Structures are given as C-alpha cells and as structure tokens.
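In the order they appear, the protein sequences are chains A and B. For the first sequence, my numbering begins at 174 and goes up steadily by one. For the second sequence, my numbering begins at 956 and goes up steadily by one.
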Amino acid sequence: MLSLQHISVSFPGFQLRDISFDVAGGEYFILLGESGAGKSLLLETIAGLNKQQSGTITLSGKDITHEKIQQRCIGLVFQDHAVFPHLSVKENIVYPLKHKHFSAEEKASRIQPVIETLQIGHLIHRRPPTLSGGELQRVALARALVQQPQVLLLDEPLASIDSKLKSDLRALLRQINRMGQTIIHVTHDFDEAVSLADRIAIIDKGSIVQTGTPHEVFSNPVNGFVAHFAGIRNFFKVRIEKQPGHITVFPHEKVPVVLNQETDAEEGFLLIRNEDILISEENFESSALNNFKGIVEDVYPLRYGMEVVVNIGIPLHVQVSRESAEKLRLVAGKPVWTHFKASSARLICG
Amino acid sequence: MRSPFQLTITLASALILLFIIAPLVGMFVATSPVELFDTAKDAEVQQSIKLTIWVSLAATVIFSLAAIPFAFLLARKKFPLKSIVTGIIDLPIVIPHSAAGIAILGFVSRNSVLGKAGSAIGLDFVGHPAGIAVAMAFVSLPFLINSARDGFAGVPERLEKAALTLGASPSRVFFSVSLPLAWRNIASGLILMFARGMSEFGAVIMVAYHPMISPVLIYERFGAFGLKYARPVSVLFILISLAVFVALRLLSRRQEPKTAGHA
Chain A
174 MLSLQHISVS FPGFQLRDIS FDVAGGEYFI LLGESGAGKS LLLETIAGLN
224 KQQSGTITLS GKDITHEKIQ QRCIGLVFQD HAVFPHLSVK ENIVYPLKHK
274 HFSAEEKASR IQPVIETLQI GHLIHRRPPT LSGGELQRVA LARALVQQPQ
324 VLLLDEPLAS IDSKLKSDLR ALLRQINRMG QTIIHVTHDF DEAVSLADRI
374 AIIDKGSIVQ TGTPHEVFSN PVNGFVAHFA GIRNFFKVRI EKQPGHITVF
424 PHEKVPVVLN QETDAEEGFL LIRNEDILIS EENFESSALN NFKGIVEDVY
474 PLRYGMEVVV NIGIPLHVQV SRESAEKLRL VAGKPVWTHF KASSARLICG
Chain B
956 MRSPFQLTIT LASALILLFI IAPLVGMFVA TSPVELFDTA KDAEVQQSIK
1006 LTIWVSLAAT VIFSLAAIPF AFLLARKKFP LKSIVTGIID LPIVIPHSAA
1056 GIAILGFVSR NSVLGKAGSA IGLDFVGHPA GIAVAMAFVS LPFLINSARD
1106 GFAGVPERLE KAALTLGASP SRVFFSVSLP LAWRNIASGL ILMFARGMSE
1156 FGAVIMVAYH PMISPVLIYE RFGAFGLKYA RPVSVLFILI SLAVFVALRL
1206 LSRRQEPKTA GHA
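As structure tokens, this is what we get:
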C-alpha cells in the first residue's frame, strides 16, 4: 500500500535519515518515539507538506514522491486538530468536498456515514471554539475521512485528551481501522502503541531503529532506547566469552553473567526483566547461576509493588512486592544479594 | 487609597487626553451652528469633501489589491533582504510628507515614464484625482501593510497546512483560511489607510492643488480669509471623517468572522 524508501529530509538543526518502511492496506501502523524524534516531520513529509532531499514514496504502486499535496489521497489529522475556527463543524467537514464537482447526493453519502461513525451529529452547527478537545478531535477525524483517503495519518491524536475520552477515542480509532482504513499513527506513548498497533516502528533522532509487531519489537529490543520504551530497565551492552555448554557475558568486568545461549558474536546486549530477579539478605544455594552481592541504591514505589535499584557493579533494577520490601527492610545503603537464573537473562546480538 | 504611582499614571493619562481633546473642543465651541450650516451648504466645500472621501476610498481599494497579498508574503515567506524590505515599507511614515509629495510629483509628472504612459491614454496625474490617489496611497499604505502582515502572522500555519492536505489549492487556502482569519487586522488596516489618506495634505498639495481636497481647501480658506473662515470647514470635515470612520468600524465588526480564538 504505502512504501517509503530511503527518505531523507533536512531542516536546520534536524534531519530525518534514510527512513524506509512499508505499510500494508488496512494496517494500523504506529511510529513510536520521544518528542523531537522527527515523528511529526515524517508524517508531514508523507503528506507532502515537506520536501524530501532523497528517497521515494509510493502509494498503491504509484510514485507520489513529487505529487502535489492535493493529489496524494492522504489524510492528515494534526496533534492540535487544526479545525478551522471561523467555520462551523459542518462547514469544516464539507471543506474537502467543495470545488470537487460532487453532487449533493454524493456529498451526503460521504458525510453522513462519517458523522454517524464519529457520533458528531449533535455538533454540526456548533463553532469549533465552543467544542472540547475530544469533540475537536472527532471533527478533525471526520474532516479527514470524508476525503476517503487511502492512508490516514494521525499526529499524536490522543495527546491532548483526558484519560476517559482516550479510551473512547482508542476504540473509535480501532473501529475506523477495522472498517478497512489504513492508519499511520505517531505517538510517544508505549501503552497507546501496544493497544492499537498491528506493527510498530521505533523512531529515534530522525532514524527508524526497529520495526515489527509490538511483540517482536518489545521482546527483542535492538538497543537500550527501544528497551527503555518497553519499560525494560536492565539492558546492558556486554562483551561475550564462550564456554562449553554456555556463555558468560560481562556488562561490567567484575560482573560475569552466565547464560544458557549460544552465539558466535563477541558483543551484544543483555536483557534481564526486573520481575525475574530475586533479592535476599544472605547468599543461598539455589538453581540460579547468577548470584551477585550489591548495595541498595534506591527504593521507590511503583503502581504495583516497589522498584529496588541494587548496585552490583551495574545498576540492577528489581521489582518486589511491598510486603517483601518491608520484610527485608530494603533501604538505601543496605547490602543484599541478587539472584537470577541463566534462563531468565537473554542475550540480543545485532 | 491609590498609590502615588497610580495617581501619577492617571494624571499623565488625563493630561494627554486633554491635549488631544482641548484644541478640537475649542474649535467646535468657537464655531456657531449657523456658520456650520452655511458651510455645509457651500458647494465648494461639499465638492471637496466628496472628492476627499471617494479618492481616498478608491486609493485604498485599488492599492489593497496588491498590498494584502504583499502583506501575506511578508508574514509567511523568508527571503533575502527581508528586513530591508520591511524597513522600506515604513519609509513613507518617517519622511516629511511634503518631501514625499515632491518625490511623487517627479514620479507622475508629464516627463516621467508613468506620466508619459498616462498621457498616452489621456490621463494627466498632475492636478487630477488619480494623482491625488497616488499621493494618498503613498503615505497611507504602511498602515494597511503592517496591520495585514500582523494579521496573517497571527494565523496558525498549521491551519493552512491542514487546508492543503484537505485538497485545497494555495489560492483557496488564502481566500478560505488565511484571509478570513486575518480579517480583523486587515479591516483595521483598511480603515486606517482610508482615514490617513483622507487627512493627507503635504503630499497631495505638491501633486494636485486643484481639484481641492478638504485639507487643501482648509489651508486655502485659512490663507485667503483667516482662521474664522477655515474653522467651520475644519469642523465639518472632522465631523464627516468621524462619521465615516465610525461607520466603517461598525461595518467591519459586523462582517468579522465569528471566532473566539484559533483552534
């Protein structure tokens, strides 16, 4: 459906570099990245509002790299809606159909289903300055959808909406996607990405760093940035030493971690989920091959339980229950032991 | 109890207001209704007021056709030497208007390119309403351009981008989004340009003493007959200018797009 190949865009002080990805028809594709990563710039480039220095964009097999914005068949909903304040809601929604030689019946046949889907029939005579953020977002979506775009681009559509409306709007976006609408949605919100995406691309400093399904991306993060997005705190670059039957990796020269994996690589990344690590006051015999003494550096509450940071030469983040934290009297400065199995730690190479 | 600072501000404001109002009130008080009535019946006065209004109006409308797009360009585009161009726009405000009149006279005189082109179609700018319009526009254009530029600059660019993605051509974006949203400033600029054009004397007198616009007629009455005869014409012209000014303000407010802010 939509294919970006080696797109590069330069702006003073910022660059999008060699962006390539494909989005299939009917797919919900999410571009996930922090503020300033270049997400909105990329959307505007796809829409034709920015000129790329190199690369090609094809839509349904047609090269639209140099196509006029008006001819691209791509809808864009801006983060702050960009609903025209001097026009009524109805005039906003009809705007894309004016000067397009549509009969009154054709206009009605495009507008009515969109108004019904977005449930904004009661708003059509209102002026935008009187609408709430959620209502404005629905109007902006309706205005983009009446064009029947081949691809709908959404720039942080849930960013300025309160949490109750967010879940309603998420459901609405899923519904629009299920009706066959291809969507590219940019966000900085991990939960939003996981709940909506068929596939995700992670964008960092103007480059796509990883693409895949949410499961693929977050279970195999290619670097610390992606791991951080997935909420994985224990993600370390390691040197690898091979031994018969297992490997030992070194996130720090004095921290040898044993893994049940094989690899020919000499370097990689070590990933340990914080819920897979145990804390004890004394060392004890167990099946865990990785046992390290450390000092508690920090203890802070999470929504469920507590996060404990133990310095074992590297900062190890461990998730424990409140009861365990109280029982072990975990406070900063306390010496403790940490334990995790070789099978709990995972090595990611390349 | 007001602080000394607040009292000082209030006093300063009152003095400035008095400075503006006192001469006008004095002139109104010194003019009897009979004098005013007789002046209003004076054909030469009527003629000059009509001429002043319609020539200023024509100058405003004609020059706005290019000035408004120019203001849009200044608000939206970056180009080399933009700050110099912006400075040039303000030149007519800072140079003496009699000097501006001399410059315009050279520009539209019979020997100039424009003068010769005008003569070829039977139009002589010097001593002609067309020349008066050029002089009025020269000194009043900055008011329109600056006001319209501020108006366009206040329109969020993303609204124009949104319109482009909704299939609108750049010209449709201009007329359906930028212009309506900048209308408040543009209308204000148009009114200011019109009012400033009506009140122009220095530049106009160099280009066309005749036909006489009201400021020139006031000057002539004062020179030939003295203050007593110039005053009723001045009062009448001020009253009519005020009436037109207020009417235009009301009209522009009524036609303003109903916005409470930009989304």
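For every residue, glycine included, the Cβ atom is placed at its ideal position computed from N, Cα and C. The structure presented is a predicted model; accordingly, all values stated were derived computationally and were not measured.
CB-CB under 6 Å to residue i, same chain, minus the five flanking residues each way: which ones, in chain order?
i       : result
B:H1217 : Low local confidence applies: a pLDDT of 39 at B:H1217 is under 50, so the model's placement there is unreliable, with the coordinate-based value given in what follows. Within the same chain, B:H1217 has close Cβ partners P1111.
B:A1030 : R1104, F1107 and A1108
A:R311  : L291 and I293
A:F187  : none
B:A1198 : none
A:R519  : L444
A:F457  : none
A:P474  : none
Quick check on DSSP: helix, strand or coil for residue i?
i       : result
B:H1052 : helix
A:E499  : helix
A:H259  : coil
A:G506  : coil
A:R300  : coil
A:Q225  : coil
A:I237  : coil
A:F184  : strand
B:A1137 : coil
B:P1167 : According to the sequence provided, residue 1167 of chain B is Met. The question's Pro does not apply to it. B:M1167: coil per DSSP, three-state reduction.
A:M174  : coil
A:N350  : helix
A:I450  : coil
A:G289  : Inspection of the sequence shows that residue 289 of chain A is occupied by Glu rather than by Gly. Helix at A:E289.
A:E455  : coil
A:L520  : strand
A:I192  : strand
A:I487  : coil
A:T436  : coil
A:H254  : coil
A:I242  : helix
A:V267  : helix
A:Q492  : strand
B:Y1174 : helix
A:H361  : coil
A:E389  : helix
B:P959  : helix
Going along chain B, which residues have a C-beta under 7 Å from residue i?
i      : result
A:P269 : L1121 and G1122
A:E209 : Per the sequence shown, residue 209 of chain A should be read as Gly rather than Glu. By Cβ distance, chain B contributes nothing, its closest Cβ being about 17 Å from A:G209, past 7 Å.
A:H298 : Per Cβ cutoff of 7 Å: no residues; A:H298 is ~12 Å from chain B at best.
A:R316 : L1121
Which residues in the same chain have their Cβ closer than 7 Å to the Cβ of residue i, if we skip the five residues on either side of it in sequence?
i       : result
A:V504  : V469 and V472
A:V431  : H419, T421, L462, N463 and A515
A:E448  : Q492
A:E329  : Q252, V359 and T360
B:D993  : none
B:L1205 : none
A:Q434  : I420 and L520
Quickly, what does DSSP pair residue i with across the bridge? List them, please.
i      : result
A:L325 : A:G248 and A:I356
A:T384 : A:A374
A:K466 : A:W510
A:Y201 : A:I356
A:T421 : A:E414 and A:V431
A:D471 : A:V482
A:N407 : A:I445
A:T231 : A:S176 and A:D236
What in chain A is Cβ-close to residue i, meaning under 8 Å?
i       : result
B:R1113 : F251, D253 and A255
Cutting at 8 Å between CB atoms, please list the residues of its own chain near residue i, excluding the five before and the five after it.
i       : result
B:T1214 : Confidence in B:T1214 is poor, its pLDDT being 46 and thus under 50, which makes the residue's placement unreliable; the coordinate value appears in the next sentence. Excluding residues within five positions, the ones whose Cβ falls inside 8 Å are L1136.
A:E207  : H361 and D377
B:G1056 : A1090, G1157, A1158, V1159, I1160, M1161 and V1162
B:V1219 : Residue 1219 of chain B falls outside the range modelled here, since chain B spans only 956 to 1218, and no answer is possible.
A:G221  : I237, E240, K241, I242, R245 and I247
A:A374  : F194, F202, I203, L204, L205, I381, Q383 and T384
List the residues of chain A that residue i touches, going by C-beta distances under 9 Å, in chain order.
i       : result
B:P1135 : F257, H259 and L260
B:R1127 : K271 and H272
Starting from residue i, find everything on chain B with Cβ-Cβ shorter than 8 Å and list it in chain order.
i      : result
A:K263 : Chain B residues near A:K263: none, gap ~14 Å exceeds 8 Å.
How would you list, in chain order, the residues of chain D whose beta-carbon sits under 9 Å from the beta-carbon of residue i?
i       : result
B:K1116 : Here chain D cannot be found, since the structure's protein chains are A and B.
At 7 Å on the CB atoms, spell out the chain A contacts of residue i, in chain order.
i       : result
B:V1132 : F257
List the residues of chain B whose Cβ lies closer than 9 Å to the Cβ of residue i, in chain order.
i      : result
A:Q320 : T1120, L1121 and G1122
Quick one: which unbroken beta strand (DSSP E) runs of 3-plus residues sit fully inside the segment 969-1027 of chain B? Chain order, please.
-> Runs of the beta strand (DSSP E) lying entirely within the segment 969-1027 of chain B, each at least 3 residues long, are absent.
Which residue spans inside the segment 1041-1086 of chain B form an unbroken alpha helix (DSSP H) run of at least 4?
-> As far as the segment 1041-1086 of chain B is concerned, its whole alpha helix (DSSP H) runs of at least 4 residues are 1052-1063 and 1068-1075.
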